[in-house]
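The structure appears below as structure tokens.
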Amino acid sequence: MDGFVGRRAELNLLDELLAPVRTGGRGGRRGRAVLIRGRRRVGKSRLVEEFLERTGLPHVFFTAVGGSRKEDLAGFTAELAASTLPEAARFGDFASPQTWDAALSLLAGALPTDAPSIVVLDEMPYLVREDPSFEGALQKTFDRTLSKLPVLLILIGSDLAMMEQLNTYGRPFYQRGTEMVVPPLNPAEVAAMLDLPPADAFDAYLISGGLPLILEEWPRGAGLWDYLGQALRRPTSALLVSGERTLAAEFPTEAQARTVLGAIGHGERTFTLIGRAAGDLNPGSVKRSLELLTARRMVAADAPLSTRPSRETRYRIDDPYLRFWLSFIGPAIPTIERGRGDRVLTTIRTSWTSWRGRAIEPVIRDALWRLADDRLPEGTDAIGGYWTRTNDPEIDIVGADRSPIAKKITLVGSVKWLESKPFDSRDLARLITHRSQLPGADDTTPLLAVARSGCTAEGIPHLTPDQLIRAWT
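Following the working numbering, the numbering of the sequence shown begins with 8 at its first residue and continues without gaps.
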């Protein structure tokens with residue numbers, strides 16, 4: 008199975024960045040840098056390995072391990088000596104440098120001056136956290152040496168917030184590198200990779216989160232129950248191990264944040280209920296944990312979308328795979344390890360319809376936002392939902408000219424994501440009632456149904472999985 012479905016855009020961008028390295032840039036500055044970020048296990052390193060293989064250029068690929076500075080300096084020196092750089096062999100007997108200034112100077116001396124090469128530093132956030140001087144050393148070496156050499160410097164990291172900060176004003180590497188995001192595979196790419204119809208591809212996306220490692224072990228053409236039956240029999244399945252590895256890497260010491268994350272993963276959405284489910288944490292601790300989780304893009308904080316301000320913020324796991332893992336897999340690891348994955352499968356079957364109905368909503372809102380220019384009323388520049396403290400009403404889809412406080416509501420919609428029940432006249436009547444309760448909407452505000460099994464109600468536009476999946480094609 009091709010692990011690079013949907014990666015053409017990223018490979019093309021890397022080729023574009025390499026072009027001036029090959030041919031020479033303005034003012035004799037041929038060196039280029041790119042900062043690649045993306046969630047853990049989306050295939051960032053694998054993408055770069057594929058790029059290196061396609062170019063065939065001499066390179067060094069170093070991955071930080073998150074240990075001490077001494078360990079990473081020793082690892083960097085070893086990788087340099089074992090690399091395909093022309094001068095690499097002579098570094099085999101060198102003692103490990105004691106500082107990153109010295110290590111990067113060593114690197115600069117190993118790079119060819121008359122032919123292109125590539126340098127990759129993976130897990131950059133580890134290097135920044137363990138040594139405050141690393142960013143300054145990198146900036147100095149890049150400005151004085153690397154930018155004048157025919158080299159492409161690739162910096163990779165999974166800590167999304169930190170990777171963004173590296174290229175912000177006031178940081179040493181500001182404006183020295185192009186930023187690039189490697190997203191998970193989207194639902195259309197999942198459909199192509201697994202040869203699934205759109206409705207089943209959305210199911211596969213909710214389980215895998217578009218992570219290539221999971222999709223690579225998913226049999227082509229298999230539905231979700233076939234795949235889950237197989238994966239839950241193997242404790243080493245990527246479906247099982249990816250979640251634990253992600254949490255261990257993201258929260259090596261922040262046990263409280265992980266507890267709060269677990270509470271949200273189990274379905275709690277409000278500040279008060281999250282704190283209660285996390286062991287009756289005091290509000291200050293809950294607030295700090297939520298700030299950390301949202302900064303790391305693990306959790307999304309959603310506000311109701313209408314023409315009135317609201318304090319009814321709700322929290323959800325931002326990554327579909329992690330949401331599934333926290334809901335069903337993580338708590339059941341001991342059961343799976345005892346060889347009773349069948350029990351876990353039964354639990355998932357029992358809860359699947361209600362769990363999927365809520366999990367699909369942010370995916371549908373994303374699809375609608377992408378389709379806005381073609382399928383939604385003019386002026387729809389924001390897509391969200393609306394709710395009150397009592398959930399009366401709770402509206403799945405709200406389109407507006409801006410968020411979180413709109414000037415104009417452009418659309419009100421409902422999601423019905425059931426296999427055998429289309430959106431019908433009773434659903435339409437309920438949606439019309441809810442529209443009358445939405446601040447900023449009136450009887451003329453357009454309606455929309457999004458339904459897995461189609462629509463039998465008259466007088467309302469509707470979208471099906473076949474149409475939604477085109478948002479990514």
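Ideal placement from N, C-alpha and C gives every residue a C-beta, glycine not left out.
| Asked | Found |
| --- | --- |
| Inter-residue Cα distance where the pair is A198 and R47 | 22 Å |
| For E186, the three-state DSSP class (helix, strand or coil) | strand |
| Pairwise C-alpha distance: R240 and G346 | 7 Å |
| Length of the line joining the Cα atoms of A117 and P27 | 20 Å |
| Beta strand (DSSP E) segments (min. 3 residues) lying fully within the region 302-345 | 306-309 and 321-324 |
| D434, enclosing alpha helix (DSSP H) - first and last residue | S432 to S443 |
| Selection from L299, E298, G420 and L247 that minimises the alpha carbon distance to I343 | L247 |
| Assigned secondary structure, W394 (DSSP; H/G/I helix, E/B strand, else coil) | strand |
| Separation of A413 from R276, as counted between CA atoms | 23 Å |
| Under the three-state DSSP convention, the category L118 falls into | coil |
| Reduced DSSP category for E196 - H, G, I as helix; E, B as strand; rest coil | helix |
| Nonlocal neighbours in the same chain, by C-beta distance under 6 Å from R377, ignoring five residues either side | A478 |
| Nearest neighbour of T243, chosen from L220, G228 and F258 [CA to CA] | L220 |
| Which residues DSSP lists as bridging D129, in chain order | T70 |
| Whether P157 touches P123 by CB criterion (7 Å) | yes |
| Inter-residue Cα distance where the pair is G10 and E223 | Note on G10: pLDDT 45, under 50, position unreliable in the model; the coordinate value appears next. Their Cα atoms are separated by approximately 7 Å. |
| Three-pair Cβ contact test at 8 Å for the region 424-435 versus the region 457-468 | yes |
| Simplified DSSP assignment, three categories, for R372 | helix |
| Beta strand (DSSP E) runs wholly inside the region 12-98, at least 3 long, in chain order | 39-44 and 66-70 |
| Counted within 10 angstroms of its Cβ, other Cβ atoms place S249 as buried (16 or more) or exposed | buried |
| Separation of K428 from N174, as counted between CA atoms | 49 Å |
| Inter-residue spacing [alpha-carbon to alpha-carbon] between L218 and V49 | 5 Å |
| Segment contact flag, the region 332-342 with the region 166-186, C-beta cutoff 8 Å, min 3 pairs | no |
| Of the listed residues A168, N19 and L475, nearest to V370 (C-alpha basis) | L475 |
| T480 - DSSP class collapsed to helix/strand/coil | coil |
| Status (buried if at least 16 other CB within 10 Å, exposed otherwise) for M8 | For M8, the predicted structure reports a pLDDT of 39, less than 50, and the residue's modelled location is therefore unreliable. The matter cannot be settled from this model. |
| Where I416 sits in the DSSP three-state scheme | strand |
| Paired residues, beta bridge with L470 - DSSP | V457 |
| Per-residue burial, E385 [other beta carbons within 10 Å of its own, 16 or more giving buried] | exposed |
| Pair within 7 Å by beta-carbon distance, L435 and A464 | yes |
| Segment contact, 8 Å Cβ cut-off, at least three pairs: the region 123-137 with the region 59-75 | yes |
| Per-residue DSSP class, three states only, for G386 | coil |
| Those residues which DSSP pairs with L160 across a bridge | A40 and V126 |
| Own chain residues within Cβ distance below 7 Å of M169, not counting five before or after | P132 and V135 |
| Any non-hydrogen atom of the ligand FAD within 6 Å of L218 CB | In the structure shown, the ligand FAD is absent, as is every other ligand, since no ligand is present at all. |
| Span of the alpha helix (DSSP H) around A262 | A262 to G272 |
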